[in-house]
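A.B. asks: The structure that follows is given in the form of structure tokens.
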């Protein structure tokens, strides 16, 4: 969980454990959705043979197991702070190369799921397209709608990490998420082109989406977690340039060596200018001596697509504060603006997006229409985005400057005065 375990010390589980959980849920989800469909059509649809049930189940189990195999040290921070700006890639691109080049022979040799054998070899390209964001458009047949088992509103990945992280972080809301019923009330449309959820489970879906928003707000984007992350993020480009010297897509072996242990060892053993810029910051992280002190925050829930385009950004707010106070952003203060969005494939305002790529709610014989979840978003049942703007001041900044920052922040965010909780940032 990157830096979250500094605030939630019980959340020390590994990504491997999460991958095992995702594998289990993905297999169960695939069986719940696909087995009745395959049985109803007796293995053939429109004269063409459907993939075997166990083949489909094992495909999703392997996709769940390998969905995060491309992650390096510091996981998502590595993507945004280094891989994307330096090489123009993400961990998903690396995952695809690992599966195709390093694991192909193993994957194609699998002929059994936990509940039975199958004849056709697993398709590595299908697995890679299930794992990679946006690659679902390359999928054909039943794989296109079923990709939502790996990437969807309530996919196996989200269900596992929300329940697992919530349990270990003491978030009681996680215990209320009925993922079993969500899976058992999901099914394929009659023509095999869409994934549907029975309307009776709509409250459970909305509850899970709200749980995700809640976990982002209070755990992953906890103000102290983000304060640690601001410090760590500052050091990553400086240290990773010595660890990842080539594009990982060209040299996977070197990328495999750049794990968390190597990263920490490199930080501890840094010399010269690197030691001054990196080791000192990491010593403060290990000692929980925060560089940035939380001052104030502002939150807004956006319910219309227009608001998401017209609202000011964190960068714009920082520029306004800099003009108002004369203090320099990223030297004296930082505006952190993590946003919490409803999962992108839950709703869409694009007319071109097929129902194969977004979740639809099915009503029974009494109400025969099918609705996509964006209609519930428009009705105000879910916010499109929760904006958070947090103001941090560098530790040691004079109290008069802090007061000016706080007043300017309150004015620019539309409040008469700032609300200071008075809580120490060590909690």
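Residue numbers (the numbering used here): 566 to 992.
Quick reminder that beta carbons are idealized off the backbone N, C-alpha and C, glycines included.
Can you check which of these residues, 756, 787, 689 and 861, is closest to residue 976 by C-alpha distance?
C.D. replies: The candidate whose alpha carbon is nearest that of residue 976 is 861.
A.B. asks: Between the alpha carbons of residue 985 and residue 905, how many angstroms are there, rounded?
C.D. replies: Its pLDDT being 49, under 50, residue 985 is placed unreliably in this model, and the value from its coordinates should be taken loosely. So the alpha carbons of these two residues sit roughly 22 Å apart.
A.B. asks: Go through its chain and collect everything with a Cβ distance to residue 566's Cβ below 7 Å, but skip five positions before and after it.
C.D. replies: Only 576 and 730 meet the Cβ criterion.
A.B. asks: How about residue 663 and residue 637: do their beta carbons lie closer than 8 Å?
C.D. replies: No; because the gap between Cβ atoms is not below 8 Å, this pair is not in contact.
A.B. asks: Buried or exposed for residue 572, going by 16 or more other Cβ atoms inside 10 Å?
C.D. replies: Under this definition residue 572 is a buried residue.
A.B. asks: Please confirm if residue 790 has its CB atom under 8 Å from at least one CB of chain D.
C.D. replies: Checking the listed chains, one finds no chain D in this structure; it contains a single protein chain.
A.B. asks: Would you call the segment 640-659 in contact with the segment 591-611, where contact means no fewer than 3 C-beta pairs closer than 8 Å?
C.D. replies: Touching, no.
A.B. asks: Quick one: grab the DSSP three-state call for residue 642.
C.D. replies: Residue state, collapsed to three classes: helix.
A.B. asks: Please work out which residues of its chain come closer than 8 Å, Cβ to Cβ, to residue 856, disregarding the five sequence neighbours upstream and downstream, and give them in chain order.
C.D. replies: The answer, listed in chain order, is 792, 795, 796, 846, 849, 959 and 960.
A.B. asks: Pick out the complete beta strand (DSSP E) segments inside the segment 757-781, 3 residues or longer, and give them in chain order.
C.D. replies: Taking only runs of at least 3 residues, the beta strand (DSSP E) segments lying wholly in the segment 757-781 are 760-763.
A.B. asks: What do you reckon, is the C-beta of residue 717 under 7 Å from a heavy atom of the ligand HEM?
C.D. replies: Ligands are entirely absent from the displayed structure, and the ligand HEM is therefore not among its contents.
A.B. asks: Taking only the alpha-carbon atoms, compute the straight-line gap between residue 801 and residue 584 and give it to the nearest angstrom.
C.D. replies: Their Cα atoms are separated by approximately 25 Å.
A.B. asks: Whose CA, out of 898, 953 and 924, lies closest to the CA of residue 969?
C.D. replies: The shortest C-alpha separation from residue 969 is found at 898.
A.B. asks: Using the DSSP secondary-structure output, state which residues sit across from residue 905 in a beta bridge.
C.D. replies: 951, per the DSSP bridge assignment.
A.B. asks: With three or more beta-carbon pairs closer than 8 Å as the criterion, would you say the segment 693-702 touches the segment 652-671?
C.D. replies: Yes, the segment 693-702 touches the segment 652-671.
A.B. asks: Per DSSP, what kind of secondary structure is residue 956 in: helix, strand or coil?
C.D. replies: Here residue 956 sits in strand by DSSP.
A.B. asks: Return helix, strand or coil for residue 879, following the three-state DSSP convention.
C.D. replies: In the structure shown, residue 879 sits in a helix (DSSP, three-state: H, G or I).
A.B. asks: State yes or no: is the C-beta of residue 767 within less than 8 Å of the C-beta of residue 926?
C.D. replies: For residue 767 and residue 926, yes; Cβs fall inside 8 Å.
A.B. asks: Label residue 657 either buried or exposed according to how many other C-beta atoms from any shown protein chain fall within 10 Å of its C-beta, with 16 as the threshold for buried.
C.D. replies: It is buried - the Cβ of residue 657 has at least 16 other Cβ atoms within 10 Å.
A.B. asks: Could you tell me if residue 632 is buried or exposed, where buried requires 16 or more neighbouring beta carbons within 10 angstroms of its beta carbon?
C.D. replies: Flag for residue 632 reads buried.
A.B. asks: Determine the closest residue to residue 624 out of 737, 586, 574 and 677, with distance taken between C-alpha atoms.
C.D. replies: Minimum Cα distance to residue 624 is reached at 677.
A.B. asks: Note the first and the last residue of the continuous beta strand (DSSP E) segment covering residue 855.
C.D. replies: Here residue 855 belongs to no beta strand (DSSP E), and DSSP marks it neither H nor E.
A.B. asks: Rounding to the nearest angstrom, what Cα-Cα distance links residue 619 and residue 595 in this structure?
C.D. replies: When rounded, the distance between both Cα atoms is 10 Å.
A.B. asks: Which runs of the alpha helix (DSSP H), 4 residues or longer, sit entirely within the segment 612-673?
C.D. replies: Taking only runs of at least 4 residues, the alpha helix (DSSP H) segments lying wholly in the segment 612-673 are 618-631, 640-643, 656-662 and 669-673.
A.B. asks: Based on the DSSP output, what are the partners of residue 753 in its beta bridges?
C.D. replies: DSSP, once it has assigned bridges, lists 760 as partnering residue 753.
A.B. asks: Relative to the alpha-carbon of residue 687, which residue among 948, 574 and 671 has its alpha-carbon at the smallest distance?
C.D. replies: For residue 687, the nearest C-alpha among the options comes from 671.
A.B. asks: Whole angstroms is fine: what's the gap from residue 586's alpha carbon to residue 773's?
C.D. replies: Approximately 17 Å between the Cα atoms of the pair.
A.B. asks: Compute the Euclidean distance between the alpha carbons of residue 810 and residue 821, then round it to the nearest angstrom.
C.D. replies: Cα to Cα, residue 810 sits roughly 12 Å from residue 821.
A.B. asks: From this set, 830, 965, 956 and 841, which residue's C-alpha is nearest residue 882's C-alpha?
C.D. replies: Checking every option, the nearest Cα to that of residue 882 belongs to 956.
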